[in-house]
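First comes the structure, then the notes that go with it.
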């Protein structure tokens, strides 16, 4: 059994309600679980603390998170932040910035990464609508001892994904039902109902995140240029 997890992330006050996870059995081509893993955490700081333990307990072959694993190279350079990946960067952010707002103020003008341009993301990592998600996501991975492509490779890797790119690649930016059909997954009726009822699309994005991570695993994590790691910016993995 080969398992891909997808996590639709949030750094907002209601993160515990907004963060969804999806488990896909790649061998069976089926969604086997859809849930809110951090529903008991009262704020994003508590969620970030809970993530390492959750990852240690979960059984998976790859997991994809929908938040930025790096910042623009110029921002890392100006602030002297590490370029060795989100585990190191998350530690540095925790040491230098007590809050997401402190982080935002220090970043200066927002800048997109090379991968943001390649994947046509809507926002830069430090955009007004994104900076909390970026900050708390990196804090969640601080000190994680796991392979994180493109910086390192191995068993149970953790990767950055972008569900909207999966939608575009599948040619199904229409309705939740159409997007689910485009994945080709077998999905229980109760999960379809949950996804369709979630008007903000977070549950669906978790499924698409799992699809992206599973596809990237099956193809050996292709596409990232060497500078994606050395620059500290990282890479968004997807279905192509």
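Numbering (this note's numbering), first residue to last: -10 to 229. Quick reminder that beta carbons are idealized off the backbone N, C-alpha and C, glycines included.
Cβ atoms of residue -4 and residue 53 come within 8 angstroms of each other, at about 7 angstroms. A distance below 7 angstroms between beta-carbons, with the five flanking residues on each side excluded, links residue 143 to the following residues of its chain, in chain order: 136.
For the pair residue 33 and residue 4, the CB atoms are nearer than the 9 angstroms cut-off. If you look at residue 54, you'll find it in the beta strand (DSSP E) that goes 51 to 54. For the options 30, 174, 146, the alpha carbon positioned closest to that of residue 16 is the one of 174.
Beta-bridge annotation (DSSP): residue -5 is paired with 11, 53. The criterion of a C-beta distance shorter than 9 angstroms is not satisfied by residue 121 and residue 76. The criterion of a C-beta distance shorter than 9 angstroms is satisfied by residue -2 and residue 55. Per DSSP, residue 22 is one residue of the beta strand (DSSP E) stretching across 19 to 24. When the beta-carbon positions are compared, residue 58 and residue -6 stay at least 9 angstroms from each other.
Closest by C-alpha distance to residue 82, out of 20, 131, 170, is 131. The residue among 160, 146, 195, 179 with its C-alpha nearest the C-alpha of residue 210 is 146. Residue 185 carries a helical assignment under DSSP once its states are collapsed to helix, strand and coil.
When secondary structure is reduced to three states using DSSP, residue 38 falls in the helix class.
Residue 66 is bridged by DSSP to nothing; it lacks a bridge partner. A straight line joining the alpha-carbon of residue 227 with that of residue 197 spans about 9 angstroms. Contact check for residue 148 against residue 205 passes: the beta carbons are separated by less than 9 angstroms.
For the 9 angstroms CB-CB criterion, residue 115 and residue 92 form a contact. Secondary structure of residue 228 (DSSP, three-state): coil. Nearest to residue 113 by C-alpha distance, out of 159, 60, 85, 160, is 60. By the beta-carbon neighbour count (other beta carbons within 10 angstroms, threshold 16), residue 164 is exposed.
For the pair residue 203 and residue 229, the CB atoms are not nearer than the 9 angstroms cut-off.
By the neighbour-count criterion, in which a residue is buried when 16 or more other Cβ atoms sit within 10 angstroms of its Cβ, residue 194 is buried. Assignment of residue 175 by DSSP, reduced to helix, strand and coil, places it in the strand class. Residue range 89 to 96 is occupied by the alpha helix (DSSP H) that includes residue 92.
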